[in-house]
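K.L.:
Under this note's numbering, the first residue of the sequence shown carries the number 8, and numbering increases by one thereafter.
Beta carbons: idealized from backbone N, C-alpha and C, even for Gly.
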Amino acid sequence: MSRPVGTLERVESALPDRTLVVEAMARPLKLSRAKLALFGKVHGLRTLRLDPGMSLLDLVLPPARRVVSELPDPRRVRYVIHARAIHQVAPAATDVAREIADALGLGHADAFALTQQNCATGLAAIEVAAALLRGGAPEDRALVVTGEKPFSPLVQLVPNTAIMGEAAAACLVAAEGAGHPVLSHAVRTLGEFADLIALSPEEVARFGKAYAPTLADVIRQAVAEAGLTLRDIDLVIPHNVNLMSWRQTIAELDIPAAGVFLDNIARYSHCFTSDVFVNYTTLREEGRLTEGRHYLMASVGAGATFSAAVLTYRGPR
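#1: Who are Ile88's beta bridge partners in DSSP?
#2: So for Phe158, helix, strand or coil by DSSP?
#3: Below 8 Å, can you find three or more Cβ-Cβ pairs linking the stretch 132-144 to the stretch 252-262?
#4: Hey, out of Glu19, Pro70, Ala315, Asn167, whose CA is closest to Leu52's CA?
#5: Only counting the same chain, and skipping five residues up and downstream in sequence, which positions put a Cβ closer than 6 Å to that of Val12?
#6: Which of the three DSSP states is assigned to Met32 in this structure?
#7: In terms of DSSP beta bridges, what is Ile107 paired with?
#8: Nearest CA to the CA of Arg148: which residue from Leu161, Ala104, Leu113?
#9: Write down the C-beta distance between Ile226 and Ala305 rounded to the nearest angstrom, noting that I regard them as a contact closer than 8 Å.
#10: Three or more beta-carbon pairs under 8 Å between the stretch 12-25 and the stretch 214-225, yes or no?
#11: Would Pro245 be called buried (16 or more neighbouring beta carbons within 10 Å of its own) or exposed?
#12: I think Val307 touches Ala127, with their Cβ atoms under 8 Å apart; what is that distance to the nearest whole Å?
#13: The beta strand (DSSP E) with Met251 in it runs from where to where?
#14: By the three-class DSSP mapping on this structure, what secondary structure does Pro220 have?
#15: Where does Gly129 fall in DSSP's three states?
#16: Contact defined as beta carbons within less than 8 Å: I believe Val28 pairs with Leu130. What is the distance between those atoms, to the nearest angstrom?
#17: Can you tell which of Ile170, Ala104, Ser252 has the C-alpha that lies nearest to the C-alpha of Val267?
#18: Ignore the nearest five residues each way along the sequence and tell me which others in Thr280's own chain have a CB closer than 7 Å to its CB.
#19: Applying the criterion that 16 or more other CB atoms from any shown protein chain within 10 Å of the CB defines a buried residue, is His5 buried or exposed?
#20: According to DSSP, which residues form a beta bridge with Thr319?
#21: Is any heavy atom in the ligand HEM found nearer than 6 Å to the beta carbon of Leu250?
#22: Since Ala174 and Val151 should fall inside the 8 Å C-beta cutoff, what is the C-beta to C-beta distance between them, to a whole number of angstroms?
#23: What's the C-alpha gap between Val75 and Ala104?
#24: Taking the DSSP output, what are the residues bridged to Ala181?
#25: Is Asp241 near Tyr302, with beta carbons less than 7 Å apart?
#26: Ignore the nearest five residues each way along the sequence and tell me which others in Pro81's own chain have a CB closer than 7 Å to its CB.
#27: List the DSSP bridge partners of Glu19.
#28: Can you look up Thr289 in the DSSP assignment and give me helix, strand or coil?
#29: Compute the beta-carbon to beta-carbon distance between Gly310 and Phe158, rounded to the nearest angstrom, for a pair I have assumed lies under 8 Å.
#30: What residue from Ala120, Leu290, Ile88 has the CA that sits closest to Ala99's CA?
#31: Assuming Val67 is part of the alpha helix (DSSP H), what are its boundary residues?
#32: Compute the beta-carbon to beta-carbon distance between Val194 and Leu15, rounded to the nearest angstrom, for a pair I have assumed lies under 8 Å.
#33: What residue range is occupied by the uninterrupted alpha helix (DSSP H) comprising Asp270?
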């Protein structure tokens, strides 16, 4: 096993208080009864969090503030990275990453956005953050912030696949340290499906056929690069795209369904880059993460990037 990708020292998440049932999305997303049945009965979506009155900063700052408030010296945060799926989340002249950093009292830090891997960008940001820190002072840290607003039906609905909700998360990353070591990060992009929302019916069928085998292969790759086997993984912490895709991936992996945490799909639906971190904090708060055990985070971004990372849990940070 090579040296860890980096270390997660703290992870926090937050969701809007406002809860909607999936049926409430029928009119704004122009969903027929058949489509609602698909999302509810087949994909397992029940509710999601969505607050149109909440600004983007209102959404992303609370978990980030909880992370920063625990730092002995916030000046050691060298980078603030807004990892997001939507390429444009504000008017062109608005630097959202800079606004996040300034609002957190981190005006000294380099601030930038990371995207292009869509909903898999959150995991990519951990590796990018650790790479930037490597070679610097051991006390230096990076703050990865996720969260975005589904401001249009075009980005809120992935046809026949997912309905997007709102959530935010913040991760404190170190190159090395006493937190949770990220042992590996495996990525694969199937560029032939780059224009996912405008694929032909034939291309959609090919993507559907390739989805579960590709995600399963990337998961196996991440586990192998961590020097482990699937039996060593205590639990898969997934993105919340839908139940059907995960059932197919579970079958490809030939693992028990209980080995993948799927409870939050029904609760929150798919929340762009924040899913895996929301699921992580849910498991932590429920006392379902065990000291010294290995966990695998997995996410897929439209376009299509498949991503998986293995970490070892080192206590309730």
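P.N.:
So, from the data block:
#1: Phe119, Val151, per the DSSP bridge assignment.
#2: The answer is coil: DSSP assigns Phe158 none of H, G, I, E or B.
#3: Touching, no, given that fewer than three Cβ pairs across the two stretches are closer than 8 Å.
#4: Closest by alpha carbon: Asn167.
#5: Glu134, Ala137, Val189, His192.
#6: In the three-state DSSP reduction, Met32 falls in the helix class (H, G or I).
#7: DSSP lists no beta-bridge partner residue for Ile107.
#8: Ranking Leu161, Ala104, Leu113 by Cα distance to Arg148 puts Leu113 first.
#9: Between Ala305 and Ile226 the Cβ distance is about 6 Å, and since that is below 8 Å, they are a contact.
#10: Taking one beta carbon from each stretch, the stretch 12-25 and the stretch 214-225 have fewer than 3 pairs nearer than 8 Å; the two do not touch.
#11: Classified as buried, Pro245 has 16 or more neighbouring CB atoms from the shown chains inside 10 Å of its CB.
#12: Contact flag correct, Cβ pair sits at about 6 Å.
#13: Annotation for Met251: no beta strand (DSSP E) segment contains it, though the alpha helix (DSSP H) segment containing it runs 250-260.
#14: Correct three-state label for Pro220: helix.
#15: DSSP places Gly129 in helix when its eight states are reduced to three.
#16: Not really, about 30 Å apart at Cβ, beyond 8 Å.
#17: When each option's Cα is compared against that of Val267, the closest is Ser252.
#18: Only Ala90, Arg91, Ala92, Cys126, Thr128, Gly129, Thr153 meet the Cβ criterion.
#19: No answer is possible for residue 5: the residues shown for the chain start at 8 and end at 324.
#20: For Thr319, the pairing in a beta bridge is given by DSSP as His301.
#21: The ligand HEM is not part of this structure, which contains no ligands at all.
#22: Ala174 to Val151, Cβ: 14 Å. No contact.
#23: Distance between the alpha carbons of Val75 and Ala104: 15 Å.
#24: According to DSSP, residue pairing for Ala181 in a beta bridge involves Thr14.
#25: Yes; because the gap between Cβ atoms is below 7 Å, this pair is in contact.
#26: Taken in chain order, the residues that qualify are Val75, Gly112, Leu113.
#27: Looking at the DSSP assignment, Glu19 forms a beta bridge with Ala177.
#28: Three-state DSSP puts Thr289 in a helix.
#29: Between Phe158 and Gly310 the Cβ distance is about 19 Å, and since that is not below 8 Å, they are no contact.
#30: Nearest C-alpha to Ala99: Ala120.
#31: 63-76 is the extent of the alpha helix (DSSP H) around Val67.
#32: About 18 Å; that fails the 8 Å criterion.
#33: Secondary structure note for Asp270: its alpha helix (DSSP H) is the uninterrupted segment 270-275.
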